[in-house]
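Everything on this sheet refers to the single structure shown next.
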Amino acid sequence: MSWGTELWDQFDNLEKHTQWGIDILEKYIKFVKERTEIELSYAKQLRNLAKKYQPKKNSKEEEEYRYTACKAFLSTLNEMNDYAGQHEVISENMTSNITVELARYVQELKQERKSYFHDGRKAQQHIEICWKQLESSKRRFERDCKEADRAQQYFEKMDADINVTKADVEKARQQAQMRHQMAEDSKADYSSTLQKFNHEQHEYYHTHIPNIFQKIQEMEERRIVRIGESMKTYAEVDRQVIPIIGKCLDEIVKAAESIDQKNDSQLVIEAYKSGFEPPGDIEFEDYTQPMKRTVSDNSLSNSRGEGKPELKFGGKSKGKLWPFIKKNKSPKQQKEPLSHRFNEFMTSKPKIHCFRSLKRGTQSFCFHKELMKRTIGKPTYAFEARDYVACLCPQGATPEDFSNLPPEQRRKKLQQKVDELNKEIQKEMDQRDAITKMKDVYLKNPQMGDPASLDHKLTEVSQNIEKLRLEAQKFEAWLAEVEGRLPARSEQARRQSGMFDAQNPATVNSCAQDRESSPDGSYTEEQSQEGEGKVLATDFDDEFDEEEPLPAIGTCKALYTFEGQNEGTISVVEGETLYVIEEDKGDGWTRIRRNEDEEGYVPTSYVEVYLDKNAKGAKTYI
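In terms of the working numbering, the sequence shown has 330 at position 330, counting the first letter as 1, and numbering is strictly consecutive.
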């Protein structure tokens, strides 16, 4: 069915209908646009929700996400981010594939509709003009016929009147003939105009209007097809993200299934295990024997022999102050009352291990004062290790060696710190290698850059590496002490530790430097039996005990001249042959010896190493 033949007289209605079709299309575009806004808003809210519950960096929450349940929750938050991303994809695809395309199509449709109806109105105006011409020609023909009829009647009247002159009759006859001729001309013009109008009218109703209406019909059908395709696209956009959304949901289910309650329970043990042994049984104190009161194994100091006077403030005492350390008690030893032992503990001075401990005079007084606050009103067995450790450092300050933590927790913190420092060292070494390679490129191709411009940066990176190594060695020493596998540090470690202390005076007075490690990882402060001067001299001498020199494991030849300006390094001259006593451990430095008194480190890239394969532990990292 064609609109051109069926709706030839419905021009105005078709104009209204096509405008309604465009309005429907614009309405659908508005609907899709609002849907995209909802999707964007929903995605934003989902992202904000996931961000709200994400653990804060460098906070306690971040540590909680070691547990499998928290990891599963974190995975859920991450999947919600991906889930929100799919809704953003829906919005983006609907905008680009539907909203934008339909908006452009609507503009084209309006222009096409406007041109078709403009042609229709133009055809209407033409047929109306032809109709007016026909009407005008018809009225003129009618008027001329009437005039000719009146002129004929007037002539006949004049011709019949005997009183009229012959000239007047002739004049009337000529007038009648002229009117008859005008009527004939009007008739011919009317006939010609009528034929023309009929032709135009036939063309209008059978050619022009059907063609225009046919084009309008095709335009309207294309609009209908287009809106249908847009609805399919609308569904396809949603369907395309369903697999990815399904994967997100599957990952959430997988994360939920990965929750391991046993593992979480083990993590709780690892997180809060102190490493202390449970306290032993409390001994019975017999008050029926006033002079022979005994002290429990859990009292705050070791038992003392009979007959020794009670120490006054500032005196020395024996044994270790750390609570819960059991001593081998002789059955012959007499024990003093708990109050006497506690007074002795409060009036004793801690041992000063090195010169840096001389600054602790005021700290010792504050320690005793704080300890009094924590123990007043508590029974002896209620005095806990954390009370002792908390008194050693100012409130709110965390010791550098994490000595405020129980042994097991301290070990984990120190291990974590060592790992972090090793990562930083590796990062700096990579940067140094990159600068070295760039310098080599500049040396081979001077036009690319000045090699000397990298010396300052290379020196700065090397200094950073040295500082980080010293820091790592310091923490490794603390870690070894906690693990009980490093009873005494080597000469090199002591020398480097002393160098670090000289460079970082802020850490010299830390609480960790003033305590020792007990065999079980706890900390004690021993009381000296001799004078302070002897203690200081002995500890000072221990710091500089020499070790046996390391055996040579090979030789090396200096490829370049190296000026050893930093402590621990040694200067070499190009072509010089030296002994290798410690190979490169992967940090870019090799330890060499010139003679018994001169040894140190040089960059591995500056020497060519020849290791003795028979030497113990000989292994190359080059």
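For each residue, glycine too, the CB sits at the ideal point set by N, CA and C. Just so you know, these numbers come straight off a predicted model, no measurement behind them.
Cβ of residue 421 within 7 Å of Cβ of residue 472?
Yes, they are a contact pair.
Beta carbon of residue 68, beta carbon of residue 252: below 7 Å?
no
CB-CB under 6 Å to residue 395, same chain, minus the five flanking residues each way: which ones, in chain order?
With a pLDDT of 49 at residue 395, under the threshold of 50, the predicted position of this residue should be treated as unreliable, though the coordinate-derived value follows. There are no such residues.
Indicate whether residue 79 and residue 248 have their beta-carbon atoms separated by less than 7 Å.
Cβ atoms of residue 79 and residue 248: closer than 7 Å.
Might you give, ordered along the chain, the residues of its own chain that have their beta carbon closer than 7 Å to the beta carbon of residue 267, omitting 5 neighbours on each side?
66 and 67
Residue environment, residue 213, which counts as buried when at least 16 other CB atoms sit within 10 Å:
When all chains shown are included, residue 213 counts as buried.
How close, in whole Å, do the beta carbons of residue 602 and residue 564 come, if the pair is a contact with beta carbons under 8 Å?
Between residue 602 and residue 564 the beta-carbon gap is near 7 Å, inside 8 Å, which marks them as a contact.
Can a CB atom of chain C be found closer than 7 Å to the CB of residue 146?
This model lacks chain C altogether, as it is built from one protein chain only.
Residue 90 beta carbon less than 7 Å from that of residue 237:
yes
In whole angstroms, what separates the C-alpha of residue 587 from that of residue 448?
Roughly 29 Å between the two C-alpha positions.
Counting only runs that start and end within the segment 130-192, where is the beta strand (DSSP E) found for 3 or more residues in a row?
none
Quick test of your reading: residue 123 and residue 84, contact by CB under 8 Å. State the CB separation rounded to the nearest angstrom.
Not quite, the Cβ-Cβ distance comes to about 57 Å (not below 8 Å), so this is no contact.
Tell me where the alpha helix (DSSP H) around residue 223 begins and ends.
209-257
Quick one, are the C-beta atoms of residue 470 and residue 424 less than 7 Å apart?
It is not a contact, given that the beta carbons lie outside the stated cut-off.
Quick check on the burial criterion: 16 or more other C-beta atoms within 10 angstroms. Buried or exposed for residue 287?
exposed
For the segment 149-158 against the segment 169-181, are there 3 or more C-beta pairs whose distance is under 8 Å?
yes
Do residue 582 and residue 593 count as a contact pair if the criterion is CB distance below 7 Å?
No, Cβ-Cβ distance for residue 593 and residue 582 is not below 7 Å.
For residue 244, tell me which candidate among 87, 612, 613 and 95 has the shortest Cα-Cα distance.
87
For residue 552, the three-state DSSP class (helix, strand or coil)
The three-state secondary structure of residue 552, taken from DSSP, is coil.
Could you check where the beta strand (DSSP E) with residue 589 kicks off and where it finishes?
589-593
Are there 16 or more other CB atoms within 10 angstroms of the CB of residue 116, so buried, or fewer, so exposed?
buried
Tell me the residue span of the alpha helix (DSSP H) that contains residue 603.
Unbroken run through residue 603 is the beta strand (DSSP E), 599-603; no alpha helix (DSSP H).
Report the rounded CA-to-CA distance for residue 336 versus residue 57, giving the unit in angstroms.
Confidence is the limiting factor: at residue 336 the pLDDT is only 45, short of 50, which leaves the residue's position unreliable, though a coordinate-based value still follows. Computed Cα separation, rounded: 53 Å.
Tell me whether the beta-carbon of residue 25 lies closer than 7 Å to the beta-carbon of residue 106.
Yes. Within cutoff.
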